[in-house]
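For the sequence shown, our numbering gives the first residue as 30, with consecutive numbering after it.
Cβ atoms here follow ideal geometry from the backbone N, Cα and C, with glycine treated the same way.
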Amino acid sequence: MMAEPLLAIEDLRTYFYSRSKRAFIRSVDGVSLAVAKGETLGIVGESGSGKSITAMSVMGLVSAGPGVISGRIGFRSDRVERQLLEGLDTCVALRREGGRVMAVEKDDDRWAGQVEKNMTGIRGREISMIFQNPKQSLNPFETVGRQITEAIMLHTSHKIEQEAKEKAIEWLDRVKIDSPRLRFDNHPFGLSGGMCQRAMIAMALSCEPHLLIADEPTTGLDATIQSKIVDLLAELKSELGITTMLISHDIGIIGRLSDTVAVMYGGTVVESGPAKDVLSCSPEGKHPYTAALLASIPSSDAVREKGHLQAIEGDVLDTINIPAGCRFYGRCSRVTDKIREKCDKQEPDLREIASGRRVRCWLYFE
Ligand SMILES: Nc1ncnc2c1ncn2[C@@H]1O[C@H](COP(=O)(O)OP(=O)(O)O)[C@@H](O)[C@H]1O
Ligand code: SF4
Ligand SMILES: [Mg+2]
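Okay, structure coming up:
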């Protein structure tokens, strides 16, 4: 049994309308996920599978242009209970002709107002997010310490500046930034990429959020720095027990930090379950995409034997032309004659195959 979820995403669909193609790019296409209190849910999948847009949808950051969103995102902590997509459907109208969406009419002002209402007291306070590019996420004109102090004063009960400043220094120390009192006065450009990511983590956690969303927190950093940031996240996880939604295309990082894992492909979840089962070596009970991702891990043996890394063959799904059948059909090497017709024509559901384990593949339903 899963502990009570802090965040429950149900049938989330986040689409962007392409005027030139008169069609939707279905970036997130029916995702259901739950993050239990105190757990780390890892979301893994190749680039373009809809991981970031899922996170942005939770944070109320899908607002630009004709982006539309449906489903339910429930957030429930001991401080608040909220439906984060409340009322957004009433801000958008679709104009259809012959079954085809010809235009998306969106009341941008009302949409922005509704998002603001839904996210008040949530963004930064209940849910914090760290991104791939810490330097871009920090304000270049303000010292790192000042930015953390301001966040603390805005989102926590520490309203006195001196007190908030001491808290900020404590957090810089906690994320292992050396000489935190000196670093406090550095601007982001004076810090390395790894240091900036530590500062971002300090800023996100200093507001004592219930949920941390970390989207590719180590991507773009040097390999040695990457592993140090992963060590830090692992330490903070055991120290603070903070609920985390961790997003990465790197299955190794997901494996180190996650309790449960969801594998995304083409805007959908194709497999989910306890990390130890989803990421185990055995292909038994696995979605063929997960098995391929695991086979692409650069194990030293594989590199030695083949002299190169094995990538998954074929291209990532184009989410504007979703096939009728299984989204992975064009790249799947495990289709059998018995199920070929179904794989080609009918999309499988995400179904439970064992306690807590779900897979979206015809191989398991025959
Ligand atoms: N603003 C946007 N307009 C149109 N398409 C978008 C937009 N943002 C993202 N997408 C598309 O949505 C898909 C999923 O993107 P994303 O969630 O960023 O993938 P991931 O984080 O898994 O790499 C991609 O195909 C991307 O091109
Ligand atoms: S449903 Fe068919 S095509 Fe899709 S992953 Fe399973 S075996 Fe492969
Ligand atoms: Mg991404």
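Item	Value
With three or more beta-carbon pairs closer than 8 Å as the criterion, would you say the segment 230-244 touches the segment 267-284?	yes
Which parts of the segment 61-98 are runs of the alpha helix (DSSP H), unbroken and 4 residues or longer, counting only runs that do not cross its ends?	80-87
Kindly provide the chain-ordered list of residues whose Cβ lies closer than 5 Å to any non-hydrogen atom of ligand 1.	F45, I54, S56, S76, G77, S78, G79, K80, S81 and I82
Please go through the segment 131-163 and give each complete beta strand (DSSP E) segment of 3 or more residues, from N-terminal end onward.	156-159
Would the beta-carbon of I283 fall within 9 Å of that of G71?	yes
Would you kindly check if the distance between the Cβ of E300 and the Cβ of R363 is under 9 Å?	no
When DSSP builds the beta bridges, which residues end up paired with L275?	G71 and A243
Smallest Cα separation from G59: which of L35, I98, A320 and L90?	I98
Taking the continuous beta strand (DSSP E) assigned at I280, which residues delimit it?	Taken as a continuous stretch (DSSP letters only), I280 belongs to no beta strand (DSSP E), being part of the alpha helix (DSSP H) at I280 to L286.
Are three or more beta carbon pairs between the segment 79-97 and the segment 311-318 nearer than 8 Å?	no
Using 9 Å as the threshold, is the C-beta distance between E342 and R356 below it?	no
Return yes when at least one heavy atom of ligand 2 lies under 8 Å from the C-beta of G354, else no.	yes
Compute the distance between the beta-carbons of G116 and L36, then report whether it is under 9 Å.	no
Run through DSSP, which three-state label would D58 get?	strand
In its own chain, which residues sit with a C-beta less than 6 Å from the C-beta of G77, not counting the 5 before and 5 after it?	V345
Can you tell me whether DSSP reads F53 as helix, strand or coil?	strand
In chain order, what residues of the same chain lie with their CB nearer than 7 Å to the CB of D306, ignoring the 5 residues before and after it?	R386
Measuring CB atoms only, is the segment 217-233 touching the segment 165-182, in the sense that at least three cross pairs come out at less than 8 Å?	yes
In the structure shown, what three-state DSSP assignment does T43 receive?	strand
Tell me which residues share the same chain as G153 and place their Cβ nearer than 8 Å to its Cβ, disregarding the 5 neighbours each side in the sequence.	A180, L183, H184, C236 and P238
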